[in-house]
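Just remember that the numbering used here sits 32 ahead of the position in the sequence shown, which is counted from 1.
Read the structure below first, then the notes.
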Amino acid sequence: MVEPAEQEAYIKDLENTLLVVGETWYFIAEHWKKRWEMYCNRMKSTSEQTRALGMSATPGPVDNAPLLVNGQLKRNLTPDEYWLVPEKAWACFTKWYGEPEHVIARQVIEEGERNTKKSVEFYPSTFRIHAIYAARNRPITNVERAPTITLSRTTTLDQLKDCIINALDLSPDAHVQLWQLSAAADDPRQPHLPVSALRNEEKIDFSHPERTLYDMSVICDHIAVEVRDAMTNAYPSDEVDLRQSSDSSPTSSGSSACATGLNALTTSSGSPPYSSSSTFTSNETSIGFGALKSAPSKPKGVCGLNNLGNTCFMNSALQCMSNTPQLSQYFLAGTYKDELNRDNPLGMKGEVAEAYGNLIEKLWSGTTGSTAPRDFKYTISRFNPTFTGYMQHDSQELLAFLLDGLHEDLNRILKKPYIELPDFDDMADQEIAERSWSYHKARNDSIIVDLFQGQFKSRLTCNECGKISVTFDPFMYLSLPLPIKKKTKTTVIYIPYNPSERPQQMIVTLKKDASIAHLKKEVARLTNVQDPSTLMVTEVFSDKIYKIFMDYDLVASIGRGDIIHIYQLPGPVPKPRPQPKHSYSFRRRLSSTSEDEDDDDADENELIVFPVYCEVAQNESSSSSQFGGPMVLGIPRKDATNLDVLYRLIAEHVERYAAMKLFEEAPQQPSVVQEQFNGKNSDVDMPDTDTTAMEVDTASPQPQQPIHTAAAVTAAGGRRMEPMPNLFTIKVFSDNHYSRSYEDIMPAGMSYSTTRMIDLNTRVEEERSQLAAYEKQQAAKAATLERESSDVDMTATTATPDATMQEIEENAEEAKKKDEEEEDEDEDEEDEVVGDASAEYTQETFNNKSGSSSFIVSPISSSKRSSPIQQHDNSTAKQVRRPPKTILRQGEGIVIEWPAKKAQQVFGTSKSKYRNEETVNGDAWKDYADLGDPNAHEDKGPPKEVTLSDCLNEFTREEQLSEEDLWYCPRCKTHQQASKKFDLWHMPEIVVVHLKRFSHTRTWRDKIDAFIDFPIKGLDLTDRVQRATDTEDLDPKDRLIYDLYGVDNHFGGMGGGHCKR
């Protein structure tokens, strides 16, 4: 069984499995997933108390109850409600935590014709089957309850028919007809229905039995089956008039309202009802299910569209298009048939235009009150899998796809010419616009261009040199931003680098789409930090640095309950360093002793950033345990060569949380540490630290406030203060197993391995010895090269007459080549600990105790060109690599171990939550000033009314491009920040306005539901078009005035809603 601490990583590997058609995936409720993740994180902890808490709160079997409504999977699920896992992962959960009560399994399907896609089918179709019988005949089946079948929407009609025949236990050779029932019987479990139940229902078309349930929009919950009589070869429905008599079919909102309202004024009142219990009244007219012999005429164009599942998004857009007079007249006249462009590689072979034309003919036929756009839905789904299925989609996306598809299918340009645009510099805007439009028309000419396409002007201005670039581009709709800036409020804790300053908690208000870079700038402004690049944003979980945010990460990715710490550093946050190409090794990462990892070209002032955790040292009766929260420190590379400097730095920052002073007055004679800080004697090695413990008072100290004063490190007489010796032991770890990347500048995750930590003092001693061995080896190499050079000179002097200078050069070249090969072999060696480096270093020197670093050595090739004596002497010699210059490396962290009594004296004590004993008090890490919300006053006051004119102003407002969206300036020959502005230049006959209410990123989705005021008639855009001049003197007939004739509106939120025309 996989241990809880390893389960999260194990499941993550399984989760990355590719989708395979026919395989099963399982739903898991998000709330159970979070409970399981918390359990795993607790079990990873090095704290005994945290692990004990995890053991007492296991997640138990998977709980999927929140995903179900009346035993069925809840509709309109959002990604933050569920988690999908493959079958192997589900088997692991059931094995680890027991059998769940609710199992929700779904199959992987593949859809699409031109562009296929694989997906997990959330909602397979479920049908209840009813058998139809004629009044004089007995029932065709003996089943006592209407059977239920569940099928994928990729099931073909032939497969559906076979499943129904088996469910009703009919003869395999039976000839059947299937009907979709829009309403269930009084008792939905009733297996038999009279033929009259088929009135106003739709028969399933079997002319294409290979098509799927989705293709034919078979989505009703009830299906009726009638069997052909073997004697008469007739179906029960053949003997009854089932023609539609009313608009009783469910239609999409908006269209049905229009159809019902007008039909009430035009429907005949002479038809008798089918039954008194099944009638409905429209005004004074009583219309039942009994059909008229001749269907009444309808007002042309007043026709509803049946919803095929949640296709109101499509129906509302189609109703707006249908009521565009110029476009509908074009299709009704059949003109589109003469302009079909089936060879356009960008088009859909004319099929989208044909499907739309057929639909328009039905809507304007005047013979029906509603129709189901099944063929149209089937066609667009074939060419765009986005609209596959019966789920809700964006109505504007459907409209954009339809307009573009109609344009390409009806493009009058059969062969698009290649046109190279000239340089428009120093050309008037009017000329640029005309030439750009003529180029566009040379490749694009259709009824859609004639009616819907306009032109806008785009201007970019370089902030550096002032270069202006102007382009003119076509548009088919105006996507207008709403001048309503939704804000997000994030609670953060700012920790200044100066230990004498108190941490601060504050609520930061930013735009919804703000990045971490924006968060750092705002925090810097609120805290008077001059350089935002010195701030590091982290997420803290279980008192550890769980995640390090990059500048490009979104603030919206921060969860509501996440604890965000922003640490100030003494310099800019270093950028992640690219990792070496060799494979990852824990020992290599921890020791980092190879020369390729010691960057000689690194800036000596660059910071090494590392986390510091406090821990009580383990003893015979208990294991080590962390107390307090994390600290994040930075030290320049030039100072990271001395253990005492590092010790002092840590002590200064630990004192911020201590209940007593950790510094004492230095003696009169300056110490080596003092000289180190004063820039003197920087090459002097520090004396070994005494390992004896500081004498402490065993009595529990009185609680004190943490120290936040610079006086702690400065003596009253101005003499320097030194940290008390031997307060703690410094240990180094480098465990990025749970980090998102090995390129993180410091370890991040839920745990660090206590068994793999290295005592820093031991590392310093070993690497000092390794450096001496390296220098001695280099000196020996230099002497050997000098002897070899002398031997070559003597050989050249005593050579035979046949020996030539060319042979000597060839031998030297061959020796050089072999040396290079040996160097390559040395670089590829990893974790090899062998032999002694010289006669002075014995094998025991390398066999250190577990947890200490080791020399990285590699053998010298026996094929090296040298004298026989040299080969014999060096056959067992090994190459010692130079250790890194710094004692602490980027990507490592530090744990400072305290003796229990000493830690209690320094930080105070508190009662353990899990045991009846005193533990180290870590409350000082939670001592910060609460600044509240500095921008709370901006939230007061009534909201401003927004008009369509405000949205147009926002669209044409000049904006500054961000640093993430730089523009390549042709004059500067580099990417620069620039300002951007849009202006309307040429307006089309029909303007489609799209209000950008929806916004989304990888981590969040939102809808702006503010009311936008717009005119019904007389929208004058003349003054907004830059091309227009002297608009005050224009004839009223020449002004650009628009009247509203259609609105496609979405009611609801991100989780679901309804589109209505």
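Here a beta-carbon is modelled for each residue, glycine too, at the ideal position from N, C-alpha and C.
If you're wondering where the values come from, they're calculated on a predicted model, not measured in any experiment.
- Between Gly666 and Cys646, the gap from beta carbon to beta carbon reaches 8 Å or more.
- Beta-bridge annotation (DSSP): Gly336 is paired with Ser402.
- Three or more beta-carbon pairs separated by less than 8 Å are not found between the region 484-493 and the region 533-553, which leaves the two stretches without contact.
- Going by beta carbons, Val641 and Met789 fall outside the 8 Å limit.
- Below 8 Å, too few C-beta pairs join the region 1016-1025 and the region 945-965 to call them touching: fewer than three.
- Here His162 carries a strand assignment [DSSP, helix/strand/coil].
- Going by DSSP, Ser501 is part of the beta strand (DSSP E) stretching over 500-507.
- Here Arg913 is buried, its C-beta having at least 16 other C-beta atoms within 10 Å.
- Remark: C-beta atoms of Leu542 and Val555 do not approach each other more closely than 8 Å.
- In the three-state DSSP reduction, Asp965 falls in the coil class, being neither helix nor strand.
- Straight-line spacing of the CA atoms in Glu143 and Phe154 works out to 14 Å.
- In this structure, Lys519 sits near Lys544, with a CB-CB distance shorter than 8 Å.
- Within the same chain, and ignoring the five residues on either side of Gln1058 in sequence, the residues whose Cβ sits closer than 8 Å to its Cβ are Asp461, Lys489, Asp1015, Leu1016, Trp1017.
- DSSP, reduced to helix, strand and coil, places Tyr599 within a strand of the structure shown.
- The three-state secondary structure of Asp791, taken from DSSP, is strand.
- Within the same chain, Leu189 come within 7 Å of Phe238 by CB-CB distance, once the 5 residues on both sides are set aside.
- Taking 3 residues as the minimum length, the beta strand (DSSP E) runs contained wholly in the region 108-143 are 114-118, 137-143, in order along the chain.
- Runs of beta strand (DSSP E) with 3 or more residues, each lying fully within the region 46-119, are found at 56-61, 114-118, listed in chain order.
- When the beta-carbon positions are compared, Glu233 and Gln209 stay at least 8 Å from each other.
- In the DSSP assignment, the residues bridged to Asp1052 are Ile1073.
- With fewer than 16 other Cβ atoms inside 10 Å of its own Cβ, Glu996 counts as exposed.
- Distances from the CA of Phe573 to each of Arg475, Leu340, Gly781 were compared; the closest alpha carbon is that of Gly781.
- Nearest neighbour of Lys369 by Cα position, chosen from Leu453, Pro699, Asn443, Gly1078, turns out to be Asn443.
- When the Cα atoms are used, Asn495 and Gln1008 turn out to be separated by approximately 7 Å.
- Remark: C-beta atoms of Lys1049 and Leu1076 approach each other more closely than 8 Å.
- Sorting Glu80, Tyr679, Ala262, Cys497 by C-alpha distance to the C-alpha of Pro755 places Tyr679 at the top.
- Below 8 Å, too few C-beta pairs join the region 792-800 and the region 931-943 to call them touching: fewer than three.
- A straight line joining the alpha-carbon of Pro268 with that of Ser157 spans about 27 Å.
- By the beta-carbon neighbour count (other beta carbons within 10 angstroms, threshold 16), Asp505 is exposed.
- Segment contact: the region 439-459 against the region 469-476, three or more CB-CB distances shorter than 8 Å; contact assigned.
- Of the residues assessed, Asp1041 falls on the exposed side of the cut-off, its CB having fewer than 16 other CB atoms within 10 angstroms.
- When C-alpha distances from Ile595 are compared across Lys576, Pro602, Asp585, the shortest belongs to Lys576.
- Excluding the 5 residues flanking it on each side, Ala385 has same chain C-beta neighbours closer than 7 Å at Tyr368, Leu372, Leu438, Asp441, Leu442, in chain order.
- DSSP places Lys543 in the uninterrupted beta strand (DSSP E) bounded by 536-543.
- The region 564-597 is shown to contain whole beta strand (DSSP E) runs of 3 or more residues at 567-573, 576-580, in chain order.
- For the pair of segments examined, the region 328-348 was found to touch the region 396-415: the number of CB pairs separated by less than 8 Å reaches three.
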